[in-house]
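262 is the number that this note's numbering gives to position 14 of the sequence shown; each next residue is one higher, with no gaps.
Note that beta-carbon positions come from the ideal geometry of N, C-alpha and C, so glycine has one too.
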Amino acid sequence: MSTQTYEFTCPDCQRAIPVTGPMRDATLSSGCPICGRSVADVHFGT
């Protein structure tokens, strides 16, 4: 079973990092793992 990977780009610090589905959910709840800014679905690409 393969987990989907998303490309997260923070709208504030501009860092781009790959995240898995569970990390995507955590980032949506807690904000950017680098700077803490709130993020939305639009900040994730496939």
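Burial is judged here by how many other beta carbons sit within 10 angstroms of a residue's own beta carbon; residue 294 has fewer than 16 and is exposed. With at least 16 other beta carbons inside 10 angstroms of its own, residue 275 counts as buried.
Membership of residue 270 in the alpha helix (DSSP H) is indicated by the continuous run 269 to 278.
Inclusion of residue 266 and residue 253 in the CB contact set at 9 Å is warranted, their separation being smaller than that value.
Distance between residue 256 and residue 273, taken at the CA atoms: about 11 Å.
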